[in-house]
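Asks: First the structure, then my questions, so here it is.
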Amino acid sequence: MSLIRPEVQELLWRAREVIAAAAVGFVGLWLMALGGYLLFPVGALLVVMSALWALHALRRLRFSQDVEAPGMVEVDEGRVGYLGPTFGGFVAVPDMVELRIITVQGRRLWRLKQNDGQALLIPVASAGSDRLFDAFTSLPGMDTQALVEAASGDAGDGVIWQRRQAATAPRPIGN
């Protein structure tokens, strides 16, 4: 028998990374309070690192969704996959040229487009979709705030990220 209600236990489990960052921050504050030439800078460093960690953890917490859609998301070695009952596939993160969020039949979907034109649709509320945050934030120039807003439903449908086109090839000198 647990002394904590199941819904509170689930909330604490989902926020475990934020709680850990706060604990590290308190250890840093404690070291700073002890003072000295060694402990104060170490404590200050811990406080700064825990603040950055907490910011990232809060964004990841806002990105995660309750599982309501069928299928499962898999992220492995720079490759995003979706295994669903009717469709699925894999996309290599370096091959992505566009990330978009769309709504189809009332469900919000991530649309991952590759450089060859193929697209993979992943329901936002599928199992394991919280793993997509780290894969998407590794994209060059990704705005994490726009990503979190898109996942939480605050933003409408549209393009979240697009790979910049390479500059045109330089012309040879003398021509």
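If you're matching positions, the sequence shown starts at 1 in this note's numbering and goes up one per residue.
Think of the CB as a built atom: it goes at the ideal place given N, C-alpha and C, for glycine as much as any other residue.
Treat the numbers as computed from the prediction; the structure is a model and nothing was measured.
Contact defined as beta carbons within less than 8 Å: I believe G153 pairs with R108. What is the distance between those atoms, to the nearest angstrom?
Replies: Translated into the one-based positions of the sequence shown, residue 153 becomes position 153. Translated into the one-based positions of the sequence shown, residue 108 becomes position 108. Sure, about 7 Å apart at Cβ, within 8 Å.
Asks: If we cut at 9 Å on Cβ distances, does R5 have a partner in chain B?
Replies: The structure shown contains no chain B; it holds only a single protein chain.
Asks: Per DSSP, what kind of secondary structure is E74 in: helix, strand or coil?
Replies: Here residue 74 refers to the residue found at position 74 when the sequence shown is read from its first residue. Of the three classes helix, strand and coil, the one that applies to E74 here is strand, per DSSP.
Asks: What are the start and end residues of the alpha helix (DSSP H) that includes M96?
Replies: For the purposes of this step, residue 96 is identified with residue 96 of the sequence shown, where counting begins at 1. Segment 96-104 is the beta strand (DSSP E) holding M96; no alpha helix (DSSP H) there.
Asks: With 16 other CB atoms within 10 Å as the buried threshold, where does Y82 fall?
Replies: Taking the sequence shown and counting its residues from 1, one reaches residue 82 at position 82. With 16 or more other Cβ atoms within 10 Å, it is buried.
Asks: Kindly identify the DSSP beta-bridge partner or partners of W53.
Replies: Numbered from 1 along the sequence shown, position 53 holds the residue referred to as residue 53. Paired residue(s): none; W53 is not in a bridge.
Asks: How is G81 classed by DSSP in three states: helix, strand or coil?
Replies: Numbered from 1 along the sequence shown, position 81 holds the residue referred to as residue 81. Strand.
Asks: Quick test of your reading: V47 and G28, contact by CB under 8 Å. State the CB separation rounded to the nearest angstrom.
Replies: For this step, residue 47 is matched to residue 47 along the sequence shown. For this step, residue 28 is matched to residue 28 along the sequence shown. Between G28 and V47 the Cβ distance is about 4 Å, and since that is below 8 Å, they are a contact.
Asks: Beta carbon of S50, beta carbon of G25: below 9 Å?
Replies: As a first step, residue 50 must be located in the sequence shown, where it is residue number 50. As a first step, residue 25 must be located in the sequence shown, where it is residue number 25. Yes, Cβ-Cβ distance for S50 and G25 is below 9 Å.
Asks: Just verifying my parser: in three-state terms, what is the DSSP assignment at G123?
Replies: Translated into the one-based positions of the sequence shown, residue 123 becomes position 123. It should be pointed out that residue 123 corresponds to Pro in this sequence rather than to Gly. Here P123 sits in strand by DSSP.
Asks: Can you tell me whether DSSP reads I173 as helix, strand or coil?
Replies: The count along the sequence shown starts at 1 and reaches residue 173 at position 173. Coil.
Asks: How long is the line joining the alpha carbons of W53 and I173, rounded to whole angstroms?
Replies: Working through the sequence shown from its first residue, we reach residue 53 at position 53. Working through the sequence shown from its first residue, we reach residue 173 at position 173. So the alpha carbons of these two residues sit roughly 50 Å apart.
Asks: Let's see if you can read the secondary structure: which residues bound the alpha helix (DSSP H) around L11?
Replies: For this step, residue 11 is matched to residue 11 along the sequence shown. Start and end: 6-14.
Asks: Counting C-beta neighbours from all protein chains within 10 Å, is the total for G43 16 or more, i.e. buried, or is it exposed?
Replies: Translated into the one-based positions of the sequence shown, residue 43 becomes position 43. By the 10 Å Cβ count, G43 comes out buried.
Asks: Is the CB-CB distance between L121 and R111 below 9 Å?
Replies: The residue given as residue 121 occupies position 121 in the sequence shown. The residue given as residue 111 occupies position 111 in the sequence shown. Their beta carbons are under 9 Å apart, which means L121 touches R111 by this criterion.
Asks: Restricting to Cα atoms, I'd like to know which of Q9, G158, A57 is closest to T137.
Replies: One-based indexing of the sequence shown puts residue 137 at position 137. For the residues Q9, G158, A57, the minimum Cα distance to T137 belongs to A57.
Asks: Express the C-alpha separation of G158 and E149 in angstroms, rounding to a whole number.
Replies: To locate residue 149, count along the sequence shown from 1; it is residue 149. To locate residue 158, count along the sequence shown from 1; it is residue 158. Rounded to the nearest angstrom, the two C-alpha atoms are 12 Å apart.
Asks: Measuring straight from C-alpha to C-alpha, what distance separates T144 and W30?
Replies: Translated into the one-based positions of the sequence shown, residue 144 becomes position 144. Translated into the one-based positions of the sequence shown, residue 30 becomes position 30. Cα to Cα, the separation comes out at about 31 Å.
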